[in-house]
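For reference, the structure is listed below as C-alpha cells.
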Amino acid sequence: MSFIFSLFGNTDKAKTSLPELEAIQSLKKQLVDVGFASDEVEFMIRSHSHKRSLLDMGTDDLRNIKELLSVQLDIARRCLNLANQKD
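The numbering of the sequence shown is the working numbering, which starts it at 4 and goes up by one.
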C-alpha cells in the first residue's frame with residue numbers, strides 16, 4: 004500500500020493512513036466472508052465517503068469508515084448467531 008502512495012508522491016500520508024487502510028481491507032474481507040457481496044461493502048464505503056477514494060481520505064475519515072464497517076460486521080455476526088440459535 005505504501006507503494007501506491009509513493010506513486011502519488013504522498014508518502015507521509017502512507018505512514019499515517021496505512022494501519023487504517025489495512026484494517027479497512029481486513030473488515031471488507033470479513034464482511035464478504037459473513038455473506039455480503041463485495042459490491043455491497045463498496046457501496047457502504049462510497050455512501051459514507053461522499054464517493055471519495057480511500058486513498059484521498061485523511062486519517063480521521065478512514066477511522067470513521069473503519070468504525071462503520073466494524074459496526075456493520077458486529078451486527079451481521081449477531082444476526083448470524085441469532086439465526087443459528089433458532090435452528
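C-beta: ideal position from N, C-alpha, C; glycine also. Please read all numbers here as calculations on a predicted model, not as lab measurements.
Neighbourhood of residue 57 by C-beta, 8 Å cutoff - its chain only, sequence neighbours within 5 removed:
To locate residue 57, count along the sequence shown from 1; it is residue 54. Once the five neighbours on either side are set aside, the close Cβ partners of residue 57 are 24, 27, 48, 65, 68.
Skipping 5 residues on each side, what residues in its chain have a beta carbon closer than 6 Å to that of residue 71?
Within the sequence shown, numbered from 1, the residue matching residue 71 stands at position 68. Counting only Cβ-Cβ distances below 6 Å, and skipping sequence neighbours, we find 51.
What's the C-alpha gap between residue 33 and residue 80?
On the sequence shown, position 30 is the one that residue 33 refers to. On the sequence shown, position 77 is the one that residue 80 refers to. Taking the straight line from one Cα to the other gives about 10 Å.
Give me the Cα-Cα distance between residue 40 and residue 75, rounded to the nearest whole angstrom.
Here the question's residue 40 lines up with position 37 in the sequence shown. Here the question's residue 75 lines up with position 72 in the sequence shown. Approximately 13 Å, taken between the alpha carbons.
Alpha carbon to alpha carbon, how far is residue 44 from residue 78?
Along the sequence shown, one-based indexing puts residue 44 at 41. Along the sequence shown, one-based indexing puts residue 78 at 75. So the alpha carbons of these two residues sit roughly 14 Å apart.
Selection from 37, 54, 31, 59 that minimises the alpha carbon distance to residue 87:
In the sequence shown, counting from the first residue as 1, residue 87 sits at position 84. Comparing Cα positions, the closest option is 37.
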